[in-house]
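Sequence lines, in order, name chains A and B.
Every letter in the first sequence is one number past the one before it in numbering that gives the first Met the number 0, and letter 92, counting from 1, is 91.
Every letter in the second sequence is one number past the one before it in numbering that gives the first Met the number 0, and letter 227, counting from 1, is 226.
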Amino acid sequence: MSIIKTCNVKYSYDGNRNVLKNIATDFEVGKIYAILGPSGCGKTTLLSLLGGLDSPSYGQVLFQGEDIEKKGLAYHRKNNVAFIFQSYNLIDYMTPAENVALTSKLPPLPILERLGLTKEEAKRNVLKLSGGQQQRVAIARALASDASVILADEPTGNLDEDTAVEITNILKECAHQMNKCVIIVTHSNELAKQADVTFCLKKGELQQL
Amino acid sequence: MNFVKRAFLYCFRQKVKTLILFLVLAIISTFLLTGLAIRDASEGATEDVQTAIGGKLFLEIDPANQYDSSQDGYGMTYTYNGDYITPEILDAISKVDGVVDYNSDNPRGFWGAGVDFEYLPAAFNLSYTPYGESSAYTAALSSEKSSDFESGKYSLVDGRHITSEDKYVVMISKELADYNKLSVGNIMTMYCLDSDGNVKLEIIGIFDGTEGTSGNGGFSVSDIPANCGYVDYTTMFENFGRKIDGYTQIDIYVEDPVSIQNVYDKVKDLPELRGKSLKLSIDTDEYDVVSTPLESLQQLVNITIIIISVVSVVILTLLLTIWIRGRKKEIGILLSIGKSKLNIILQIFTETIIVAVISFVASIPFSFSVAEKAGAFLVSRVTTGTANLNVQINAAYLLPLYLIGILLIAVAVIASSWTVVRSKPKVILTKMS
Numbered sequence: 000m001s002i003i004k005t006c007n008v009k010y011s012y013d014g015n016r017n018v019l020k021n022i023a024t025d026f027e028v029g030k031i032y033a034i035l036g037p038s039g040c041g042k043t044t045l046l047s048l049l050g051g052l053d054s055p056s057y058g059q060v061l062f063q064g065e066d067i068e069k070k071g072l073a074y075h076r077k078n079n080v081a082f083i084f085q086s087y088n089l090i091d092y093m094t095p096a097e098n099v100a101l102t103s104k105l106p107p108l109p110i111l112e113r114l115g116l117t118k119e120e121a122k123r124n125v126l127k128l129s130g131g132q133q134q135r136v137a138i139a140r141a142l143a144s145d146a147s148v149i150l151a152d153e154p155t156g157n158l159d160e161d162t163a164v165e166i167t168n169i170l171k172e173c174a175h176q177m178n179k180c181v182i183i184v185t186h187s188n189e190l191a192k193q194a195d196v197t198f199c200l201k202k203g204e205l206q207q208l
Numbered sequence: 000m001n002f003v004k005r006a007f008l009y010c011f012r013q014k015v016k017t018l019i020l021f022l023v024l025a026i027i028s029t030f031l032l033t034g035l036a037i038r039d040a041s042e043g044a045t046e047d048v049q050t051a052i053g054g055k056l057f058l059e060i061d062p063a064n065q066y067d068s069s070q071d072g073y074g075m076t077y078t079y080n081g082d083y084i085t086p087e088i089l090d091a092i093s094k095v096d097g098v099v100d101y102n103s104d105n106p107r108g109f110w111g112a113g114v115d116f117e118y119l120p121a122a123f124n125l126s127y128t129p130y131g132e133s134s135a136y137t138a139a140l141s142s143e144k145s146s147d148f149e150s151g152k153y154s155l156v157d158g159r160h161i162t163s164e165d166k167y168v169v170m171i172s173k174e175l176a177d178y179n180k181l182s183v184g185n186i187m188t189m190y191c192l193d194s195d196g197n198v199k200l201e202i203i204g205i206f207d208g209t210e211g212t213s214g215n216g217g218f219s220v221s222d223i224p225a226n227c228g229y230v231d232y233t234t235m236f237e238n239f240g241r242k243i244d245g246y247t248q249i250d251i252y253v254e255d256p257v258s259i260q261n262v263y264d265k266v267k268d269l270p271e272l273r274g275k276s277l278k279l280s281i282d283t284d285e286y287d288v289v290s291t292p293l294e295s296l297q298q299l300v301n302i303t304i305i306i307i308s309v310v311s312v313v314i315l316t317l318l319l320t321i322w323i324r325g326r327k328k329e330i331g332i333l334l335s336i337g338k339s340k341l342n343i344i345l346q347i348f349t350e351t352i353i354v355a356v357i358s359f360v361a362s363i364p365f366s367f368s369v370a371e372k373a374g375a376f377l378v379s380r381v382t383t384g385t386a387n388l389n390v391q392i393n394a395a396y397l398l399p400l401y402l403i404g405i406l407l408i409a410v411a412v413i414a415s416s417w418t419v420v421r422s423k424p425k426v427i428l429t430k431m432s
């Protein structure tokens, strides 16, 4: 079932050269998508447009058939999508539990424990956690928001191989068991191999591999 | 998690920044409290001056074109033939709202030579009456209001002052009393050249302030202040040599100088004054002498408060701008999870208010000593020490302080967040990464 869709999306930084050209793609729940491509090809820009961090120069992004700008991009970011970043992007003066509580009114501890953090670790300052633990907190924050779409920008980019596999498995679990639509932007072919659908963004065009 | 909880977490976890903000806000609060307290104290001092001095109207005969002229062997003689200030007019004026008192002085209105006493001797003895030389007396309705007593030059040392009810009474200097061994209750007999008769006056008051003037070697006895005293108006009227229909001038005391124009209009409209050759004017000289420096002080303090406010906003804005630049990552994260820009600005505003609430209260005891010293310094600079300020700081100042403080903080937060408000979330996140 299509949850988020791009309709002829174009994007230009300067009004002349389009970084994205007529991107028209459906993303469904229950699947994990990988978008590959060289640096600077517009992968993160596409993720920003899907997540409502920016607006397309032309075209629309539809969530459940409705233009995300209709209810406002902040509403879209709050209710429909959740981001996971390469550098985790946790608020450094908060504990993991507090970071997770930013997006949810539900108790954060069960989610954190499910992702492998102990109660004691959940109450530490986030900067005292390892990279893998910090990324688990970021994923917990994304899951706590109850968003249907998880947008991950290089989620394993800063992690060692074993931890990257663990994080990949968690993301697969999110898609296949929690029925989320997980869209991952990555350079990693290993991670892309785990995806249900893989795209390649080249010269502004999105091609399914 | 709402912005209030995030704000509290930030304040508790970022202790160094909170402490810096606390100190900055405490300094701003101290300056603001000092300014507010001095301004209130100067307003209070001005009100005290208003109450103490009051305002004054001046009613006098208008001599323009009101003289009869006659020629005699000594030359031209001019006699005033216009209207006088009658007791009826005085009665009407005294009933006007805002009028608290009136007085009329007629310096040298009565002259008398000593029949049973002697004046302090002058350089020349001009014995032009059978009892030697005459000295001058000021006729007064209320001697207490006479300028020499009001200014403090003279002060009553025994007895009482002359009032409008008195008849044939006199107040003399302590020097003259001592010279003749006279005291309150004694009768002085004077020869009045104008009426060519003796007048008996009861001494009702003795004043000092003329000490040492007897040795000045005045040309005549009336040049020596110690020989000059005060008599009631009846004494003057009945011994003037010709009939006088009233007073030539009168000071009208007004309760509040601020409303003096209103009282002036009411007095001017009195039927008893209409068509009369009398001139009414406003006299605020004494009030102005004291109140002008205080008003200058108030203006200075008001300007200072504005400058403090502007400088405070600038300092707070700079501080918050630096900190907000360092919080771009946090702002980007909050935007990415769907927090609105308003929500983020409200968090920063709440953080500053939380610290301000504590620092404003904490600055009160410190502000007290600063305000006292600053007040004394300003008074010495602006009023040349003629006024006293009762500078006090109490809990009542918290309301205006918080209102001004919240306004300043709101302006500073909006100004410092402006770059964040204008940027797209993606731009912030890009810069962040």
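Glycine included, C-beta positions come from ideal geometry on N, C-alpha and C.
query: Members of the segment 81-109 of chain A that neighbour chain B once the beta carbon cut-off is set at 7 Å; result: 82, 86, 88, 90, 92, 93, 97, 100, 101, 102
query: Short CB-CB distance (under 9 Å) between residue 346 of chain B and chain A; result: no
query: Residues within the segment 63-80 of chain A neighbouring chain B, beta-carbon criterion of under 8 Å; result: 72, 73, 74, 75, 76, 77, 78
query: Alpha-carbon to alpha-carbon, residue 111 of chain B and residue 167 of chain B; result: 13 Å
query: Residue span of the beta strand (DSSP E) that contains residue 204 of chain A, given as start and end; result: 204-207
query: Below-9 Å beta-carbon distance, residue 12 of chain B vs any chain A residue; result: yes
query: Residue 53 of chain A: contacting residues in chain B (beta-carbon distance under 7 Å); result: 423, 425
query: Residue 80 of chain B, buried or exposed, once every other Cβ within 10 Å from all chains shown has been counted against 16; result: exposed
query: Own chain residues within Cβ distance below 6 Å of residue 304 of chain B, not counting five before or after; result: 34
query: Minimum C-alpha distance to residue 92 of chain A - residue among A:207, A:124, A:48; result: A:124
query: Cβ of residue 5 of chain B within 9 Å of any chain A Cβ; result: yes
query: Collapsed DSSP secondary structure at residue 92 of chain A in the structure displayed; result: coil
query: Cutoff 9 Å: residue 58 of chain A Cβ touching any chain B Cβ; result: no
query: Close-in-space but distant-in-sequence residues of the same chain around residue 89 of chain A (CB under 7 Å, 5 per side omitted); result: 98, 125, 133, 136, 137
query: Contact check, residue 30 of chain A vs residue 195 of chain A, beta carbons under 9 Å; result: yes
query: Interface flag, residue 339 of chain B vs chain A, CB-CB below 9 Å; result: yes
query: Rounded separation between residue 108 of chain A and residue 311 of chain B - CA only; result: 43 Å
query: Within-9 Å CB hit, residue 350 of chain B to chain A; result: no
query: Beta-ladder partner(s) of residue 136 of chain B, from DSSP; result: B:109, B:228
query: The beta strand (DSSP E) enclosing residue 331 of chain B, as first and last residue numbers; result: Where residue 331 of chain B is concerned, there is no enclosing beta strand (DSSP E), although the alpha helix (DSSP H) it sits in stretches over 327-335.
query: Cross-chain neighbours of residue 336 of chain B in chain A, by beta carbon under 8 Å; result: 76, 77, 81, 82, 101, 102, 140, 144
query: Residues that residue 67 of chain B bridges to, as DSSP identifies them; result: B:78
query: Helix, strand or coil at residue 169 of chain B according to DSSP, with G and I counted as helix; result: strand
query: Residues that residue 204 of chain B bridges to, as DSSP identifies them; result: B:158, B:170
query: Secondary structure of residue 194 of chain A, DSSP reduced to three states; result: coil
query: Any C-beta of chain A under 9 Å from that of residue 321 of chain B; result: no
query: Opening and closing residue of the beta strand (DSSP E) in which residue 151 of chain A lies; result: 148-152
query: Own chain partners of residue 384 of chain B with C-beta closer than 6 Å, once the 5 adjacent residues on each side are dropped; result: Here the model assigns residue 384 of chain B a pLDDT of 49, short of 50, so the residue's position is not dependable, and the following value carries that caveat. Correct list: empty, nothing qualifies.
query: Delimiting residues of the alpha helix (DSSP H) encompassing residue 250 of chain B; result: Element bounds for residue 250 of chain B: not the alpha helix (DSSP H) but the beta strand (DSSP E), 248-253.
query: Under 7 Å from the C-beta of residue 47 of chain A: neighbouring residues of chain B; result: 425
query: DSSP beta-bridge partners of residue 406 of chain B; result: Answer is none; residue 406 of chain B lacks a bridge partner.
query: Closer than 7 Å at the beta carbon, the chain A residues around residue 329 of chain B; result: 90
query: Reference residue 183 of chain B; option with closest CA among B:235, B:156, B:198, B:190; result: B:156
query: Buried/exposed call for residue 201 of chain A, threshold 16 Cβ in 10 Å; result: exposed
query: Residue-level contact to chain A via CB, residue 384 of chain B, 9 Å cutoff; result: In this prediction, residue 384 of chain B has a pLDDT of 49, which is less than 50 and means its spatial position is unreliable; nothing more can be read from the coordinates.
query: Selection from B:361, B:160, B:2 that minimises the alpha carbon distance to residue 204 of chain B; result: B:160
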